[in-house]
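Structure first, commentary second.
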Amino acid sequence: MKEKILKAFEESVSVKQRFIRENIDTVVDVSKLLSSIFNLGNKLILFGNGGSAADASHIAAEFINRFKKDRPGLPAIALNTDVAVLTSIANDYDFSDIFARQLKALAQEGDAVLAISTSGNSPNVLKAVDV
């Protein structure tokens, strides 16, 4: 059991190291983009399903509250958190519309959108990306 746990942690570290080596320029570009949108008074809008919804909520919370140090909150919203909104859209329209309709209502020019999907095939996420 110890070996399985150790192997899982080592693989996790290896994946993270490889990711940052291969994507450092993209991470820097996204960081600059987010800094720019916040400095211009715009917001970050995030969403996803299941575990990706949890990730979206966590990321939004870090921007709104703090991350590593005290600082003013930054405007971020996870569209997957309001059960009443999600279920009303799914009931009155279709589950595939739950994020797209919210984006149409809440997003403004200059806002950034982060759509999170493990598979990349979630119809409701893809529909929102097309908005």
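Take the working numbering: the final residue in the sequence shown is number 154, and no numbers are missing along the way. The C-beta atom is built at its ideal place from N, Cα and C for all residues, glycine as well.
Start and end of the beta strand (DSSP E) containing residue i?
i, result
"isoleucine 139", "135-139"
"alanine 99", "99-101"
Pull up the CB-CB distance for residue i and residue j, whole angstroms please, since I reckon it's below 8 Å.
i, j, result
"glycine 74", "asparagine 103", "Wrong, their Cβ atoms sit about 11 Å apart, outside the cutoff."
"proline 146", "serine 119", "4 Å"
Apart from the five residues on each side of it in sequence, which residues of its chain come closer than 6 Å, Cβ to Cβ, to residue i?
i, result
"threonine 49", "none"
"alanine 77", "none"
"leucine 137", "Leu69"
"aspartate 153", "none"
"serine 80", "Ala101 and Thr104"
"glycine 96", "Ile87"
"serine 37", "none"
"valine 148", "Ala138 and Ser140"
Cutting at 7 Å between CB atoms, please list the residues of its own chain near residue i, excluding the five before and the five after it.
i, result
"leucine 57", "Leu67 and Ala135"
"valine 108", "Gln125"
"alanine 151", "Phe70, Phe122, Ala123, Leu126 and Ala138"
"alanine 213", "This structure cannot speak to residue 213, because the chain is shown only from 24 to 154."
"arginine 44", "none"
At which residues does the alpha helix (DSSP H) containing residue i begin and terminate?
i, result
"lysine 150", "146-152"
"serine 111", "106-115"
"alanine 130", "Per DSSP, alanine 130 belongs to no alpha helix (DSSP H) and is neither H nor E."
Is residue i near the ligand MN, in the sense that its beta carbon is under 8 Å from a heavy atom of that ligand?
i, result
"glutamine 125", "Inclusion of the ligand MN in the displayed structure is not the case, the ligand content being empty and no account of it being possible."
Excluding five sequence neighbours on each side, which residues of the same chain lie with their C-beta closer than 8 Å to the C-beta of residue i?
i, result
"glutamate 60", "The sequence shown places isoleucine at residue 60, not glutamate. Excluding positions up to five away in sequence, the list reads Lys66, Leu67, Gly133, Asp134 and Ala135."
*asked:* Could you check whether the segment 109-116 touches the segment 84-92, counting it as contact only if at least three pairs of C-beta atoms, one from each stretch, sit closer than 8 Å?
replied: No, the segment 109-116 does not touch the segment 84-92.
*Any contact of the segment 130-146 with the segment 62-71, i.e. 3+ C-beta pairs under 8 Å?*
Judged by Cβ distances under 8 Å, the segment 130-146 makes contact with the segment 62-71, as three or more pairs qualify.
_Every unbroken alpha helix (DSSP H) within the segment 57-90, with a cutoff of 4 residues, ordered by chain_ = List check, alpha helix (DSSP H) in window: 74-87.
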